[in-house]
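Numbering (mature numbering (1 follows the signal peptide of the UniProt record, and there is no 0)) for the sequence shown: -19 to -1, 1 to 223.
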Amino acid sequence: LGYKLQCMTAALDIMCVLCSDLQVEAPERVTEGHNVSLTCKSSCTLTDRATFIWYRNSQPLTERRDRNNQLLLQSVRREDAGRYSCALHGHNSLVLFNNPPKNVSVSINGSGVIVGGDSVTLSCSSDSNPPALNFSWFKGGMFVGSGRIYSISKISSDHSEEYKCRSINEHGEKYSDAVTLNVMCECTYAMWLTLLRLLASTTIHVQEDAFEKKKKKTDRSSKVVKYQPEIESVLFIIVLMV
């Protein structure tokens, strides 16, 4: 890191100190929510006039110079992470805050109805420091696999259940909320679509018959204005359902 020359004046005397072994001391592990003390240490013999200024990411943390060589961070949060340095030496020290997993969540690939025979992939994510490397999957409370990704090929109704992911790092573990897989039989799904199409066709014919009966009693222009929106709304609903 080289050398830094620190000069201090007192009346007409000028004293310069050449320092070569300087460092910021910090705990090896810093846990979110705990108090942390950083110490600016020097191998130099400093006078009583020696002062310290602390910086975080090159921005001063104190408005005035302090003769205390320690910086106390109370109830540290994730936002407090950064590079802390002391003005006596300018050596940067990186401080990372460690915490167990949080915000563990499971996402399912694709969307809509899960039909038997499909392939489904579950992904687990979490927020932690250091990053979690151990992920486990549970189906109805029973262990079924490990890894960030859990894949099911040719899914069937036997896979219908609640699934959870567990994320682990060296500071703790956390489970995700349960997600439920509802697998529909392929034959049931086909019948469901057929019934919807039949219902759509029947509804349109009923509306058309009613429209024709009214057509004989009213003027053609008023008939279009009054009943056309009704048919359009039925078609719109049916398209959404299918």
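For each residue, glycine too, the CB sits at the ideal point set by N, CA and C.
For the set 14, 83, 87, the Cα lying nearest the Cα of residue 54 is the one of 14. 105 is the residue among 137, 82, 105, 120 whose C-alpha sits nearest the C-alpha of residue 129.
The count of Cβ pairs closer than 8 Å, one atom from the region 136 to 154 and one from the region 110 to 127, reaches three, so the stretches are in contact.
Per DSSP, the continuous beta strand (DSSP E) segment holding residue 142 begins and ends at 142 to 150. When the beta-carbon positions are compared, residue 155 and residue 107 come within less than 8 Å of each other. Inter-residue distance for residue 64 and residue 152 is about 22 Å (C-alpha atoms, whole angstroms). According to the DSSP secondary-structure assignment, residue 161 is paired through a beta bridge with 143. Annotation for residue 136: no beta strand (DSSP E) segment contains it, and DSSP assigns it neither H nor E. In the DSSP assignment, residue 40 is bridged to 37. For the options 67, 34, 79, the alpha carbon positioned closest to that of residue 56 is the one of 79. Between the C-alpha atoms of residue 109 and residue 59 there is a straight-line separation of about 10 Å.
Per DSSP, the unbroken beta strand (DSSP E) holding residue 110 starts and ends at 101 to 110. Within the same chain, and ignoring the five residues on either side of residue 136 in sequence, the residues whose Cβ sits closer than 6 Å to its Cβ are 99, 101, 164. In this structure, 66 is the residue among 66, 7, 132 with its C-alpha nearest to the C-alpha of residue 33. For residue 40, the closest C-alpha among the options 96, 61, 49 is that of 61. Annotation for residue 18: the continuous beta strand (DSSP E) segment containing it runs 17 to 23. Under the three-state reduction of DSSP output, residue 178 falls in the helix class. Ranked by how close their Cα comes to the Cα of residue 82, the residues 134, 114, 38 have 114 in first place. Non-local beta-carbon contacts of residue 139 in its own chain, meaning distances under 6 Å to residues more than five positions away in sequence, are absent. Excluding residues up to 5 positions away in sequence, 63, 64 lie with their Cβ nearer than 8 Å to the Cβ of residue 38 in the same chain. Residue 125: member of the beta strand (DSSP E) spanning 123 to 127, first to last residue. Ranked by how close their Cα comes to the Cα of residue 120, the residues 95, 157, 96 have 157 in first place.
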